[in-house]
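Engineer:
Chains as they are written, first to last, in the working numbering: chain A, 1 to 359; chain B, 1001 to 1643.
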């Protein structure tokens, strides 16, 4: 009898303990700490790529006037992660468009409260955005050899421009869109050493310029010339180079070759006046557009850090630099004035990859 | 006289079985013969082992070892779901720091240094033993966390027996398991064959689409298939020689689905892996000297494909493992064990520039001293070499107070440990770093085990505190000069914590009840780092829960048996600086079975409910897991003991 009672007691305890686990948890997905309320206004959007396939990318917002950063803005205002690897953001008519590279989507976000009002799915691997009209935004792509044209008003893809190459960063040059082929992934038989020119109105490819292997960034200077920075390929077989192209003649007028094949310069930016180039080559370098050679000494030393992206504030001319640390944790954003003095630093998200100035 | 010496030698072999054995269910039926679970002949002064009861294994042939480890042991399994990758974390150490052994042969991949537990069907395994911390040094070094040792075992019964087990379950799961054994007291043969697979198209709540109104979606591209055959032969003569040959061949195919945040491209990512393992194990029991020689050939062929990223990765590994161990009993109090091992690995991979070969080996010497019946001291010294590099001297010292007849046992040990970088760390193209230093460190533990038997109730309680200190921890990082990733020795990690267990079992008449609870606390943090501005300093390693535990209950009444397990996992951080985490979750699994016996033919009907409470959870961020699901099985046995 005593044993029987004990039996029942124990079974009851077991069942009771088992019920500790009862009930589904609404919050069973990844919980993100480190966020605060979003207030729209002038500031810098920082796109933190996160790790490929880990879904830990995010968007941060930095206010230069208060020197404060808000992290995980999208997650907080939309109660969901933005996707896998947010890549680029473009601000157009009160809305922000974000390409989420490995999710294949473009989020359309209302700037005043950062709530997503639409999502365009089904792109292959969208990279960079160029708004060209109120109803047209060009979206370049890594896996596809076409540029997608989206209509933000109806949140749909309205067409494709077949370029024949994988496309990456893109800028507007007058009535044309100039884009570069960074990767061979979409076309292993064609080398990634092309700059492609598309007429914006006709949406046709009008020309292409042969440049050095693996171009990664391009800017237009105060003289109207186009500068392209090429890293020479990740297998380090070719010397990286910085090229200057005349947009009228479409000829490479100057080429500055880097001293070592193992270098991987990237993130070419231009200052407010359009007369100084800034780029990343482990450290941050600055070069006058009429300089005769590449700079030998850095403006900001990157020793011990893992500098990943640069942005130049179009109003203050200050330089924003991200440090990815080890690609596994929240990165640091350093802010320097245009002479390289450190003005501020803050922690953003994982792998801050892109700066977009809403100024 | 000879009889006594036989008993003595067998007694010396049995500590592996008896010492700190955690009985799940006390069997009052005397075993028909001596079951030699491990031919390993090092005594266990201060080295703790835990065994998974064979009842659990025979009750779950359709499961994989990963499910057994997460449900019934302190090992934490990081799993991507049924049929998908499952790796272990033992006492806060990583998957590369846990060695897995089959029939005493280390089987971790020399390429990755880890093991995927989802590829091990429970059906092929008769016994699982965990050797935590320093205890693992007996078999192989480099396991800072511990070893997981699996083996096939015979009971030497003279008969012919067979069993056929068929299971069907949710999401298109099916499993067929057939076993045939024949033999007598001197020869045994067992053949096992299985086929299993599932569509795995479970529905889940996609919280990544909308937290407040998450849509229900279906998991696509998560199918898997496994089939395999295992053949064992055991031979022994009058009593002094024993030979065990085991062959295991298996073919595995799986699709790899994307996370909830990535667009699904049908048929994009897949993996197929075939392996064959052959081991031979010979033991000679002499008057004063007992030795064991084992030799194995391990073959592994893994093909991974990702259509969109244009990756077709082929990797073929061949390993030849050899070890010789010898024990000399000087007298009843003192014995010496010496062992040497030599392995050769050869990897041909599309990711290495050339074929990679590695020779490695070790030598060890240990002393076991038992001055009194209640005190046992073990001292061991080990040296390893990999190609031309010799490791430093790896020491171990352990003490055990108490014995199997005492109600309280105390144990403690301190040992050095050392792990060579894996072949991927050295030779991966691009990025492999041939200048990598080995990880090294030391571990300490101390524990107590208390046993009490009253009338028909047995109580066991135990707790162990441990600390693992590991330096030169290897982490892959983008190189500052090149743009690709390369492994470096970057961190110093200290993992410490407590493992505790409590067990109660009792029998009254025809019914028995056993309950066991386990709780682990693991603090595994990075104490120093060579990375500047490292925000992970003093933070918990990712995917290592601080708190975890499980509760198992088994109730048996005549032919009916009810089995319930409950797993609890605390918060797991997903970012190195601990700014993101996965919330805690609980999982309940229940199994009911009914057995019938007609003469020598037995029938067993089982019904299993997994995730009984239909919990929404994710083990890994953005990887969905199924809700409540079921399986049912029928087993027909001929001439086999029912459990």
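By construction, the Cβ of each residue, glycine as well, lies at the ideal position given by its N, Cα and C atoms. Model, not experiment: these values are computed from the prediction.
Residue range of the beta strand (DSSP E) that residue 1607/B falls in?
Structural biologist: Counting along the chain, the beta strand (DSSP E) containing residue 1607/B begins and ends at 1601–1610.
Engineer: Starting from the beta carbon of residue 1536/B, find every residue of chain A whose beta carbon is closer than 9 angstroms, and list them in chain order.
Structural biologist: The contacting residues are 325, 326, 328 and 329.
Engineer: So with Cβ pairs under 8 angstroms, would you call residue 1525/B a contact of chain A?
Structural biologist: Output row for residue 1525/B: interface = no.
Engineer: Would you mind giving the Cβ-Cβ distance between residue 176/A and residue 197/A, rounded to the nearest angstrom? I have them listed as a contact below 8 angstroms.
Structural biologist: Right, the Cβ-Cβ distance comes to about 5 angstroms (below 8 angstroms), so this counts as a contact.
Engineer: Mind checking the segment 1237–1265 of chain B against chain A and listing, in chain order, the residues whose C-beta falls within less than 7 angstroms of any C-beta there?
Structural biologist: Residues 1259, 1261, 1262 and 1263.
Engineer: Could you tell me the boundaries of the alpha helix (DSSP H) in which residue 73/A lies?
Structural biologist: Start and end: 73–78.
Engineer: Quick test of the definition: if touching needs 3 or more C-beta pairs under 8 angstroms, does the segment 1189–1198 of chain B touch the segment 1217–1229 of chain B?
Structural biologist: The segment 1189–1198 of chain B vs the segment 1217–1229 of chain B: in contact.
Engineer: Could you tell me whether the Cβ of residue 234/A comes closer than 8 angstroms to any Cβ of chain B?
Structural biologist: Yes, residue 234/A counts as interfacial toward chain B.
Engineer: Between residue 1357/B and the rest of its own chain, which residues show a CB-CB distance below 8 angstroms, the 5 nearest in sequence each way excluded?
Structural biologist: Closer than 8 angstroms at the Cβ level, and outside the excluded window around residue 1357/B, lie 1344, 1345, 1346 and 1347.
Engineer: Cβ of residue 1621/B less than 8 angstroms from any chain A Cβ?
Structural biologist: So, interface residue.
Engineer: How is the beta strand (DSSP E) around residue 1167/B delimited, first residue to last?
Structural biologist: Start and end: 1159–1169.
Engineer: What ranges does the beta strand (DSSP E) occupy inside the segment 1396–1445 of chain B, keeping only unbroken runs of at least 3 residues that lie completely in it?
Structural biologist: The segment 1396–1445 of chain B contains these whole beta strand (DSSP E) runs: 1408–1419.
Engineer: Grab me the residues of residue 252/A's own chain with a C-beta within less than 6 angstroms of its C-beta, minus the 5 sequence neighbours each way, in chain order.
Structural biologist: Answer for residue 252/A: 243 and 245, listed in chain order.
Engineer: What residues of chain B sit near residue 143/A, judged by a beta carbon separation below 7 angstroms?
Structural biologist: Those within 7 angstroms of residue 143/A in chain B are 1308.
Engineer: So residue 1067/B is in the alpha helix (DSSP H); what residue range does that whole segment cover?
Structural biologist: Segment 1065–1072, the alpha helix (DSSP H) holding residue 1067/B.
Engineer: With a threshold of 6 angstroms on Cβ separation, who are the neighbours of residue 294/A within its own chain once the five nearest residues in sequence on each side are excluded?
Structural biologist: Closer than 6 angstroms at the Cβ level, and outside the excluded window around residue 294/A, lie 256.
Engineer: Looking at the C-beta of residue 1434/B, does it have a partner C-beta in chain A at a distance below 8 angstroms?
Structural biologist: Residue 1434/B does not count as touching chain A.
Engineer: In this structure, does DSSP put residue 1056/B in helix, strand or coil?
Structural biologist: Residue state, collapsed to three classes: helix.
Engineer: Counting Cβ pairs closer than 8 angstroms, one from the segment 168–175 of chain A and one from the segment 125–132 of chain A, do we hit at least three?
Structural biologist: Enough Cβ pairs lie closer than 8 angstroms, so yes.
Engineer: Name the chain B residues whose beta carbon is nearer than 7 angstroms to that of residue 28/A?
Structural biologist: Result: 1207, 1583, 1585, 1616, 1617 and 1618.
Engineer: Between which residues of its own chain and residue 220/A is the CB-CB distance below 7 angstroms, once the five residues before and five after are set aside?
Structural biologist: Result list for residue 220/A: 171, 173 and 226, in chain order.
Engineer: Assign residue 1557/B to one of two classes, buried (16 or more other C-beta atoms within 10 Å of its C-beta) or exposed (fewer than that).
Structural biologist: Classification for residue 1557/B: exposed.
Engineer: Between 1510/B, 1351/B and 1499/B, which has its C-alpha nearest residue 1311/B's C-alpha?
Structural biologist: Of 1510/B, 1351/B and 1499/B, the residue nearest in Cα terms is 1351/B.
Engineer: Determine the direct distance from the alpha carbon of residue 1240/B to that of residue 1329/B, and round the result to whole angstroms.
Structural biologist: Between residue 1329/B and residue 1240/B, the C-alpha separation is close to 16 angstroms.
Engineer: Using a Cβ cut-off of 8 angstroms (strictly closer), state whether residue 1576/B contacts chain A.
Structural biologist: Yes, residue 1576/B counts as interfacial toward chain A.
Engineer: If we cut at 8 angstroms on Cβ distances, does residue 1626/B have a partner in chain A?
Structural biologist: Not an interface residue.
Engineer: Determine whether the Cβ of residue 55/A lies closer than 8 angstroms to any Cβ atom of chain B.
Structural biologist: Interface residue, yes.
Engineer: Counting along the chain, where does the beta strand (DSSP E) carrying residue 984/B start and finish?
Structural biologist: Since the displayed chain B opens at 1001 and closes at 1643, residue 984/B lies outside it and no answer follows.
Engineer: Which value, in whole angstroms, describes the spacing of the CA atoms of residue 1571/B and residue 1540/B?
Structural biologist: For residue 1571/B and residue 1540/B, the distance between alpha carbons rounds to 11 angstroms.
Engineer: With respect to the beta strand (DSSP E) encompassing residue 1537/B, which residues constitute its N-terminal and C-terminal limits?
Structural biologist: Premise fails: residue 1537/B is in no beta strand (DSSP E) and is neither H nor E.
Engineer: Could you compute how far the alpha carbon of residue 46/A sits from the alpha carbon of residue 228/A?
Structural biologist: Roughly 23 angstroms between the two C-alpha positions.
Engineer: Please report how far the alpha carbon of residue 100/A lies from the alpha carbon of residue 1281/B, in whole angstroms.
Structural biologist: Distance between the alpha carbons of residue 100/A and residue 1281/B is about 55 angstroms.
Engineer: Our contact map puts residue 35/A next to residue 78/A with C-beta atoms below 8 angstroms; I'd like the distance itself, whole angstroms only.
Structural biologist: So it is not a contact: roughly 11 angstroms between Cβ atoms.
Engineer: Which runs of the beta strand (DSSP E), 3 residues or longer, sit entirely within the segment 1445–1507 of chain B?
Structural biologist: Runs of the beta strand (DSSP E) inside the segment 1445–1507 of chain B: 1457–1478.
Engineer: According to DSSP, which residues form a beta bridge with residue 1189/B?
Structural biologist: Paired residue(s): 1182/B and 1233/B.
Engineer: Tell me whether the segment 1084–1098 of chain B and the segment 1260–1270 of chain B touch, counting them as touching only if at least three CB pairs, one residue from each stretch, are closer than 8 angstroms.
Structural biologist: Touching, no, given that fewer than three Cβ pairs across the two stretches are closer than 8 angstroms.
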